[in-house]
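**Student:** Using this note's numbering, read the sequence shown as starting at 119 and increasing by one per residue. Backbone N, C-alpha and C define an ideal beta-carbon position, used for all residues, glycine too.
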Amino acid sequence: SPSDLIYCIYTSGSTGRPKGVLIEHRNALNHLFVKIDTLCMGESTVLAHTASYCFDISFWQFFAPLCVGGKVVLYGSRIVEDLKSFIDDLSIREVDVLEVVPSFLSALIRASGECGMGLPGLSHLLVTGEALERKLLNSCFDVVRDCQVVNAYGPTEAGDDITQHSWDAPIDESTPVYIGSPVANTSIYILDESDALCPIGVPGELCVSGVQVGRGYLNRDELTSEKFVENPFFPGQRMYRTGDLARWSSDGVIECLGRIDDQVKIRGFRVELGEIESAVRSLAGVRDAVAIVLGEGDQRSLVAYVVPEGECDA
C-alpha cells in the first residue's frame with residue numbers, strides 16, 4: 119500500500135551513530151512523478167544513472183525513466199572516473215538527462231574544456247547534493263546548449279528533492295543561486311526559533327510538510343520525535359525539520375544559506391562533523407578532537423585535529 123516501506127537509506131548522525139531513514143511508497147512515488155513532469159520525461163528520454171545505490175537519488179534515476187518507457191544507461195565508477203570516456207559515452211548513447219554533484223560537475227567541465235568536447239545533447243543537467251556556486255552554474259553554459267540547468271534540493275528524510283530551480287542562461291552577480299520553490303504536493307515553511315513564519319528575506323529553519331515526508335528513523339524513536347513533528351499550521355500533518363537555514367525571496371523562491379548546526383556536504387555526502395570527532399576520539403591515544411572543512415568546491419576536504427593523551431591543556 120502507499121504507506122508500506124519502500125527503502126531504508128542511512129545518513130550521518132551528529133553523535134557518531136548513522137541513522138536509517140524510512141521512506142514509504144507514497145513518498146518515493148510523488149518524487150518520481152515530480153521528476154517525470156518537471157524534466158518532461160517520456161519514451162525518448164535517455165538518463166545517465168551515475169549515483170551510488172547508497173544515495174537516495176539513485177532511486178529516481180533507476181525508475182523515473184522506466185515509468186514512462188524511457189531508457190536508463192547504467193554507469194559504473196570505472197567509466198565515470200575516466201572523464202573523457204564518460205563524456206564520449208554520453209554523446210554516443212545520446213544521453214539527455216544527467217545529474218551530478220557540484221564537485222564532480224566542476225571536474226567534468228574542466229575535462230570537457232581540455233578535450234574540446236561539450237555536452238550538447240543534454241536537455242536537462244541537474245545539480246544536487248551540495249551548494250551550487252554562481253561561478254560553477256555559469257560555467258555550465260560553456261559546455262551545454264539549449265539545456266536547462268536545474269538546482270535540486272532535498273533531504274533524504276523527505277524522499278529526495280523538495281525544491282527545484284532552473285536556468286537556461288548565466289546569471290549576474292546580483293542574483294542568488296536559488297534552490298527554488300516547493301515541488302508538487304509539498305509545503306515549505308521557513309520558521310524562526312518560536313516556530314513562527316519568517317517574513318520575506320528573513321532567515322530561518324527550512325521545514326517541509328506534505329506527501330514526501332518520510333516515516334522517520336529506524337529504531338530511533340526519540341530522534342524521530344525531535345525531527346518529524348506535527349505541522350503547527352495544519353494539525354494532523356507531519357513536518358520535517360531539515361536543519362538548513364534559508365529565506366524566501368520577494369519572487370517566491372528560496373535561497374539556502376547553510377546549516378544551523380555543524381553538518382557539512384563533501385562531494386555529495388552529508389557529513390556530521392560531530393560524527394567524525396566521535397570516531398577520532400575513540401582511537402587509542404586521543405584525548406580530544408575537532409573536525410573542520412578546508413578548501414572550496416571540488417577541493418574541499420575533511421581535516422581533524424587531535425589532542426593526544428597526556429598533552430597539557432596549555
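My output table needs one value for Gly231: the three-state DSSP class, helix, strand or coil.
**Tutor:** In the structure shown, Gly231 sits in a helix (DSSP, three-state: H, G or I).
**Student:** Smallest Cα separation from Tyr193: which of Leu165, Phe346, Trp178?
**Tutor:** Among Leu165, Phe346, Trp178, the Cα nearest to that of Tyr193 belongs to Leu165.
**Student:** Using the three-state DSSP reduction, which class does Thr281 fall into: helix, strand or coil?
**Tutor:** Residue state, collapsed to three classes: strand.
**Student:** Give the secondary structure of Arg196 by DSSP, where H, G and I count as helix, E and B as strand, and everything else as coil.
**Tutor:** Helix.
**Student:** Using C-beta distances below 7 Å, list every residue in its chain close to Pro136, excluding the 5 sequence neighbours before and after it, in chain order.
**Tutor:** Same-chain partners within the cutoff: Tyr128, Thr129, Ser130.
**Student:** Go to Arg135, then tell me how far its beta strand (DSSP E) extends in each direction, as first and last residue.
**Tutor:** Counting along the chain, Arg135 falls outside any beta strand (DSSP E), and DSSP gives it neither H nor E.
**Student:** Can you list, in chain order, the residues of its chain whose CB lies under 7 Å from that of Ile124, leaving out five sequence neighbours each side?
**Tutor:** Counting only Cβ-Cβ distances below 7 Å, and skipping sequence neighbours, we find Ile141, Glu142, His143, Ala146.
**Student:** What does DSSP give as the partner residues of Asn269 in its beta bridges?
**Tutor:** Answer is Val245, His283.
**Student:** Determine the direct distance from the alpha carbon of Ile280 to that of Ile154, and round the result to whole angstroms.
**Tutor:** C-alpha separation (whole angstroms): 14 Å.
**Student:** Looking at Ala364: is its Cβ nearer than 9 Å to the Cβ of Ile308?
**Tutor:** Yes, Cβ-Cβ distance for Ala364 and Ile308 is below 9 Å.
**Student:** Return yes when the Cβ of Leu226 is within less than 9 Å of the Cβ of Phe259, no when it is not.
**Tutor:** It is not a contact, given that the beta carbons lie outside the stated cut-off.
**Student:** Asp339 to Tyr358, Cα distance in whole Å?
**Tutor:** C-alpha separation (whole angstroms): 14 Å.
**Student:** Give, in chain order, every unbroken run of the beta strand (DSSP E) that is at least 3 residues long and sits entirely within the stretch 275-350.
**Tutor:** Counting whole runs of 3 or more residues, the stretch 275-350 contains the beta strand (DSSP E) stretches 281-285, 304-309, 322-328, 346-348.
**Student:** Checking the sheet assignment: what are the DSSP bridge partners for Ser170?
**Tutor:** Per DSSP, none; premise fails for Ser170.
**Student:** In terms of residues, what are the limits of the alpha helix (DSSP H) holding Gln381?
**Tutor:** First-last for Gln381: 381-384, but that is the beta strand (DSSP E), not the alpha helix (DSSP H).
**Student:** I'd like to know whether the C-beta atoms of Ser299 and Ile306 end up nearer to each other than 9 Å.
**Tutor:** Cβ atoms of Ser299 and Ile306: closer than 9 Å.
**Student:** When you measure from the CB of Thr281 to every non-hydrogen atom of the ligand ZN, does any distance come out below 8 Å?
**Tutor:** The ligand ZN is not among the ligands present in this structure, which contains no ligands whatsoever.
**Student:** Within the same chain, show all residues whose beta-carbon is closer than 6 Å to that of Leu244, passing over the 5 residues directly before and after it, in chain order.
**Tutor:** So the qualifying residues of the chain are Glu217, Val268, Ala270.
**Student:** Determine contact between the stretch 311-330 and the stretch 347-357, defined as no fewer than three beta-carbon pairs at a distance below 8 Å.
**Tutor:** Verdict: yes, contact present.
**Student:** Considering only the alpha carbon of each residue, which of Val139, Ala422, Met159, Ser176 lies closest to His242?
**Tutor:** Here the closest residue by C-alpha is Met159.
**Student:** Would you report the Cα separation of Glu291 and Arg252, rounded to the nearest angstrom?
**Tutor:** So the two alpha carbons sit approximately 8 Å from each other.
**Student:** By DSSP, does Ile378 sit in helix, in strand, or in coil?
**Tutor:** Note: Ile378 maps to coil in three-state DSSP.
**Student:** Following the continuous alpha helix (DSSP H) through Leu79, name the residue where it begins and the one where it ends.
**Tutor:** A query on residue 79 cannot be resolved here, the shown segment of the chain reaching from 119 to 432 and no further.
**Student:** Along the chain, where does the beta strand (DSSP E) containing Asp406 start, and where does it finish?
**Tutor:** Unbroken beta strand (DSSP E) run through Asp406: 404-412.
**Student:** Along the alpha helix (DSSP H) that carries Glu395, what are the first and last residues, could you check?
**Tutor:** 391-399 is the extent of the alpha helix (DSSP H) around Glu395.
**Student:** Just how far apart, CA to CA, sit Ala432 and Val425?
**Tutor:** Because Ala432 sits at a pLDDT of 44, beneath the cut-off of 50, its placement in the model cannot be relied upon, and the following sentence gives the value as read from the coordinates. If I take the Cα positions, the gap works out to 11 Å.
**Student:** Quick one: give me the first and last residue of the beta strand (DSSP E) that Asp362 is part of.
**Tutor:** Where Asp362 is concerned, the enclosing beta strand (DSSP E) stretches over 356-366.
**Student:** Quick check on Ser176: does DSSP put it in helix, strand or coil?
**Tutor:** Three-state DSSP puts Ser176 in a helix.
**Student:** Checking the sheet assignment: what are the DSSP bridge partners for Cys126?
**Tutor:** Answer is Leu140.
**Student:** Going by DSSP, which residues form a beta bridge with Leu226?
**Tutor:** In DSSP, Leu226 forms no bridge with anything.
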